[in-house]
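S.K.: Chains as they are written, first to last, in my numbering: chain A, 1 to 288; chain B, 1 to 288. We put the beta carbon where it would ideally sit given N, CA and C, even for glycine.
Number of protein chains: 2
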Amino acid sequence: MNWDDLRFFVALARAGSLSEAARRLAADHTTVARRVGELEQALGLKLFDRMPRGWVPTAEGAALAERAADVEAAIHAVARFADGRSETIDGRVSISAPPALASLWLAPRLAPLTRAHPGLTLDLIGDVADASLVRREADVALRLRQPSDSGLIGRRIGDLRYGLYGARGLVEATAGEDLDFLGYDERLDGVPQQLWLRARARDRRIALVTNDLVTLLTAVRAGMGLAALPHVLAAADDGLVCLEEAEAATRPIWLVVHPDLRRSARVRAVMDHLIEVTAPLRRPVVGA
Amino acid sequence: MNWDDLRFFVALARAGSLSEAARRLAADHTTVARRVGELEQALGLKLFDRMPRGWVPTAEGAALAERAADVEAAIHAVARFADGRSETIDGRVSISAPPALASLWLAPRLAPLTRAHPGLTLDLIGDVADASLVRREADVALRLRQPSDSGLIGRRIGDLRYGLYGARGLVEATAGEDLDFLGYDERLDGVPQQLWLRARARDRRIALVTNDLVTLLTAVRAGMGLAALPHVLAAADDGLVCLEEAEAATRPIWLVVHPDLRRSARVRAVMDHLIEVTAPLRRPVVGA
DNA sequence: CGCGATATGTGGAAATTCGCGCAGATGATG
DNA sequence: CATCATCTGCGCGAATTTCCACATATCGCG
């Protein structure tokens, strides 16, 4: 039995079709078919039904996929260990962060890092679902919650403070009037800034809900209403004014890394830079 | 990273030399060297120091070997799962049993099994150290202790009863005289038959100690003294006579299998046969 | 001290594997 | 109903991998 065939198997089981699996593996679809076929022969099991629109796992294939996932997890541990020992600051480091933070705030602050290390490549992943560091979907992550996985190392590197913001034109034109509020949708009910907004809004209309902070920011800037926005994103925007602090909406910022990677020079360099750029967030009061 | 390279890595780490690893892998030593070299390059670590007498793991290689063992364990689980689903009674089944039981008692009772299933190959492993079923060193095992590993399924299929035996000529010639005793050495102190013998011997000399039951049996047959022997081995021997029962020395016989393999037709057939041939051991009193 | 056994390392031939191109089929789309 | 995109399947040439034979080094032993 060829262990590497399992790599193709898990990719195929996850992708659903030969072609998609081949793309993700950077291989040819005929190769995927051959390797998985050989695995079937080696194990003496039919793992997939060959359908015109894709290969669908048989019952045994699906059951095997669970066990193959254990193999993959162990492989990831091996890779993490190796990465954790590398002494040179080059290669690739993936950073996971909430999408708006990644795109609007983190992205423009990474240039000094890549400039300092010519061999370094960054992969900035903005994802609503926290990337799994154990499954190696990212190397380090910025999160707004304390990591729940006990196998990970988290360090609180600051606080994300919020204020109630509105478009300058709108606020100056309407002064003290009751303006519409803009907030998050149901999937994000329960986060502090949303709770604060609901309490603050009382009977006022919440004119727009979204799951994306960038959308929220854009809507506020367009004069659609008021929203609780992080100071780090809104304070620098000349088109926005802060009406009041939203102290209760404050969220902690955690820097999370897998222990195996903590000592990697490459990952260490990225973490140091993240700690450096978040320095302003560790001051008692942040904002304009 | 090629997952199959890890297979070569664990083999090399375990074998200690390219040549030995190549033998176990049924590959060429140059292949082992190249594959492990590629793994080193992929991980960016030097895993072995190339010595004239063998490749010795570096500190990182040794540490990685532990994690690679996890991969191997997961691979074994995959293989077990596949074997557990096979519907045909062919292929290979390995049986682990105490050496004397394997060679003298079990071996002559396996013929009907292979005769009934022409595609079946048996691998009978007589080993003092219980083969690890989790690590797939054997498929089923006969053991004289309840299995301690909670992940395994054990079934008590009988009892191994002992008697105090001596060579017929010796016993008839000396009648009631105090004969020498023969027993196990220190490594096996604590097993019931040895405790019984010690209690029974009192101040009599134990003229020979060994760790091997076959040796003990041969020595008894040669008229060297008396020993506690299993009835199943000694009772059929015309040259031996049983002087007394050793009820306290009775040991349970457990049939152990990994749960993944329990439903395999191949393994099931072997287990059924083992249960059949041990039927006499489930009678209240066993012997001549 | 020399000899045999066993080890690693090197270069070239053989075998295997891989990827490419194309055909055939299916489902979505206008 | 025609079209387009996407998927699987097959054959062939190329590239990679593997094995084989030989050279060289080291350890144990008489």
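1) Got a sec: is the Cβ-Cβ distance from residue 211(B) to anything in chain A below 8 Å?
2) Less than 8 Å between the beta carbons of residue 158(B) and residue 146(B), yes or no?
3) With DSSP run on the structure shown, which of helix, strand or coil describes residue 88(A)?
4) Is residue 247(A) close to chain B, meaning its C-beta is less than 8 Å from at least one C-beta of that chain?
5) For the region 46-79 of chain A, which residues have a beta carbon sitting closer than 8 Å to at least one beta carbon of chain B?
6) State the start and end residues of the unbroken beta strand (DSSP E) segment that holds residue 51(A).
7) Which residues in the same chain have their Cβ closer than 7 Å to the Cβ of residue 20(A), if we skip the five residues on either side of it in sequence?
8) If you draw a straight line from the alpha carbon of residue 193(B) to that of residue 268(B), how long is it in whole angstroms?
9) Determine which residues share a DSSP beta bridge with residue 289(B) and list them.
10) Measure from the alpha carbon of residue 203(B) to the alpha carbon of each residue in 38(B), 181(B), 242(B), 49(B), then state which is nearest.
11) With DSSP collapsed to three states, give me the class of residue 166(B).
12) Report buried or exposed for residue 230(B), applying the criterion of at least 16 other Cβ atoms within 10 angstroms of its Cβ.
13) Put residue 182(A) into one of helix, strand or coil per three-state DSSP.
14) Would you report the Cα separation of residue 10(A) and residue 120(B), rounded to the nearest angstrom?
15) Here's the rule: buried if 16 or more other CB atoms are within 10 angstroms of the residue's CB, otherwise exposed. What is residue 286(A)?
16) Counting along the chain, where does the beta strand (DSSP E) carrying residue 54(B) start and finish?
17) Consult DSSP for residue 94(A) and reduce its assignment to one of helix, strand or coil.
18) Looking at the structure shown, is residue 24(B) part of a helix, part of a strand, or coil, going by DSSP?
19) When the Cα of residue 258(B) is compared with those of 82(B), 47(B), 118(B), which residue comes out closest?
20) Tell me which residue opens and which closes the alpha helix (DSSP H) that residue 208(A) is part of.
21) Is the beta carbon of residue 281(A) less than 8 Å from the beta carbon of residue 160(A)?
22) Hey, quick one: how far does the alpha helix (DSSP H) through residue 199(A) stretch, first residue to last?
23) Determine whether the beta carbon atoms of residue 105(B) and residue 232(B) lie at a separation below 8 Å.
24) Assuming residue 269(A) is part of the beta strand (DSSP E), what are its boundary residues?
25) Under the three-state reduction of DSSP, which class applies to residue 66(A): helix, strand or coil?
26) Quick one: does residue 43(A) have its CB under 8 Å from some CB of chain B?
27) Going by DSSP, what residue range makes up the beta strand (DSSP E) through residue 123(A)?
28) So, is residue 190(B) buried or exposed, given that buried needs 16 or more other C-beta atoms within 10 angstroms?
29) Can you find the residues in the same chain that come closer than 8 Å, C-beta to C-beta, to residue 16(A), ignoring five residues on each side of it along the sequence?
30) Whole angstroms is fine: what's the gap from residue 78(A)'s alpha carbon to residue 6(B)'s?
31) CA-CA distance, residue 142(A) and residue 97(A)?
32) Can you grab the Cα-Cα spacing for the pair residue 253(B) / residue 156(B), in whole Å?
33) Under 8 Å by Cβ, that's how I've got residue 162(B) and residue 220(B) pegged, so tell me the actual separation to the nearest angstrom.
34) Can you tell me whether residue 169(A) is buried or exposed? The criterion is at least 16 other CB atoms within 10 Å of its CB, across all chains shown.
35) In chain order, what residues of the same chain lie with their CB nearer than 6 Å to the CB of residue 39(A), ignoring the 5 residues before and after it?
36) Here's a check: name, in chain order, each residue in its chain whose Cβ is nearer than 6 Å to the Cβ of residue 206(A), leaving out the five neighbours to either side.
M.R.: On the basis of the coordinates in this document:
1) Along the second sequence, one-based indexing puts residue 211(B) at 211. Proximity of residue 211(B) to chain A, defined by a Cβ-Cβ separation below 8 Å, is not satisfied.
2) Translated into the one-based positions of the second sequence, residue 158(B) becomes position 158. Translated into the one-based positions of the second sequence, residue 146(B) becomes position 146. Not closer than 8 Å, so no.
3) Within the first sequence, the letter at position 88 stands for residue 88(A). The answer is coil: DSSP assigns residue 88(A) none of H, G, I, E or B.
4) The count along the first sequence starts at 1 and reaches residue 247(A) at position 247. No, residue 247(A) does not count as interfacial toward chain B.
5) Answer in chain order: 60, 63, 64, 67, 68, 70, 71, 73, 74, 75, 77, 78, 79.
6) Counted from its first residue, the first sequence places residue 51(A) at position 51. Counting along the chain, the unbroken beta strand (DSSP E) around residue 51(A) starts and ends at 48-51.
7) As a working note, residue 20(A) is residue 20 in the first sequence. Closer than 7 Å at the Cβ level, and outside the excluded window around residue 20(A), lies no residue.
8) Within the second sequence, numbered from 1, the residue matching residue 193(B) stands at position 193. Within the second sequence, numbered from 1, the residue matching residue 268(B) stands at position 268. Distance from the CA atom of residue 193(B) to the CA atom of residue 268(B), rounded to whole angstroms, is 31 Å.
9) In the structure displayed, chain B extends from 1 to 288; residue 289(B) sits before or after that span and is not available.
10) On the second sequence, position 203 is the one that residue 203(B) refers to. Measuring from the Cα of residue 203(B), the nearest candidate turns out to be 181(B).
11) Taking the second sequence and counting its residues from 1, one reaches residue 166(B) at position 166. In the structure shown, residue 166(B) sits in a strand (DSSP, three-state: E or B).
12) To locate residue 230(B), count along the second sequence from 1; it is residue 230. By the neighbour-count rule (16 or more Cβ atoms within 10 Å), residue 230(B) is buried.
13) By 1-based counting over the first sequence, the position of residue 182(A) is 182. Under the three-state reduction of DSSP, residue 182(A) is assigned to strand.
14) Here residue 10(A) is taken as the residue at index 10 of the first sequence, counted from 1. Here residue 120(B) is taken as the residue at index 120 of the second sequence, counted from 1. Taking the CA atoms as reference points, residue 10(A) sits about 31 Å from residue 120(B).
15) The sequence position of residue 286(A) within the first sequence is 286, counting from 1. Below a pLDDT of 50, predicted positions are generally treated as unreliable, and residue 286(A), at 45, falls in that range; no measurement from the model is reported.
16) Position 54 of the second sequence, counted from the first residue, corresponds to residue 54(B). From DSSP, the beta strand (DSSP E) with residue 54(B) extends over 54-57.
17) For the purposes of this step, residue 94(A) is taken as residue 94 along the first sequence, with counting starting at 1. Correct three-state label for residue 94(A): strand.
18) As a working mapping, residue 24(B) is identified with position 24 in the second sequence. It is helical.
19) Mapped onto the second sequence, residue 258(B) falls at position 258. Residue 82(B) holds the alpha-carbon nearest to the alpha-carbon of residue 258(B) among 82(B), 47(B), 118(B).
20) Translated into the one-based positions of the first sequence, residue 208(A) becomes position 208. Careful: residue 208(A) lies outside any alpha helix (DSSP H), inside the beta strand (DSSP E) at 206-210.
21) What you label residue 281(A) is simply residue 281 of the first sequence in a count that begins at 1. What you label residue 160(A) is simply residue 160 of the first sequence in a count that begins at 1. A Cβ-Cβ contact shorter than 8 Å links residue 281(A) with residue 160(A).
22) As a working mapping, residue 199(A) is identified with position 199 in the first sequence. Counting along the chain, the alpha helix (DSSP H) containing residue 199(A) begins and ends at 192-201.
23) The residue labelled residue 105(B) in the question sits at position 105 within the second sequence. The residue labelled residue 232(B) in the question sits at position 232 within the second sequence. Yes, they are a contact pair.
24) Position 269 of the first sequence holds residue 269(A). Taken as a continuous stretch (DSSP letters only), residue 269(A) belongs to no beta strand (DSSP E), being part of the alpha helix (DSSP H) at 265-277.
25) The sequence position of residue 66(A) within the first sequence is 66, counting from 1. Residue 66(A) sits in a helix when the DSSP states are folded into three classes.
26) Taking the first sequence and counting its residues from 1, the one referred to as residue 43(A) is at position 43. Using a Cβ-Cβ cut-off of 8 Å, residue 43(A) counts as an interface residue toward chain B, since at least one Cβ of chain B sits closer than that to its own.
27) Taking the first residue of the first sequence as 1, we reach residue 123(A) at position 123. Going by DSSP, residue 123(A) is part of the beta strand (DSSP E) stretching over 120-126.
28) Numbered from 1 along the second sequence, position 190 holds the residue referred to as residue 190(B). Label assigned to residue 190(B): exposed.
29) The residue given as residue 16(A) occupies position 16 in the first sequence. Cβ neighbours of residue 16(A) beyond the five flanking positions: 54, 55, 56.
30) Indexing the first sequence from 1 puts residue 78(A) at position 78. Indexing the second sequence from 1 puts residue 6(B) at position 6. Straight-line Cα distance between these residues: approximately 10 Å.
31) Here residue 142(A) refers to the residue found at position 142 of the first sequence. Here residue 97(A) refers to the residue found at position 97 of the first sequence. Residue 142(A) and residue 97(A) have their alpha carbons spaced roughly 5 Å apart.
32) Taking the first residue of the second sequence as 1, we reach residue 253(B) at position 253. Taking the first residue of the second sequence as 1, we reach residue 156(B) at position 156. Here the C-alpha atom of residue 253(B) lies approximately 6 Å from the C-alpha atom of residue 156(B).
33) Locating residue 162(B) in the second sequence gives position 162, counting from the first residue. Locating residue 220(B) in the second sequence gives position 220, counting from the first residue. Residue 162(B) to residue 220(B), Cβ: 12 Å. No contact.
34) Locating residue 169(A) in the first sequence gives position 169, where the first residue counts as 1. Residue 169(A) comes out exposed.
35) As a position in the first sequence, residue 39(A) is number 39, starting the count at 1. Excluding its 5 nearest sequence neighbours in each direction, residue 39(A) has C-beta neighbours in its own chain below 6 Å: 5, 9, listed in chain order.
36) By 1-based counting over the first sequence, the position of residue 206(A) is 206. Only 181, 183 meet the Cβ criterion.
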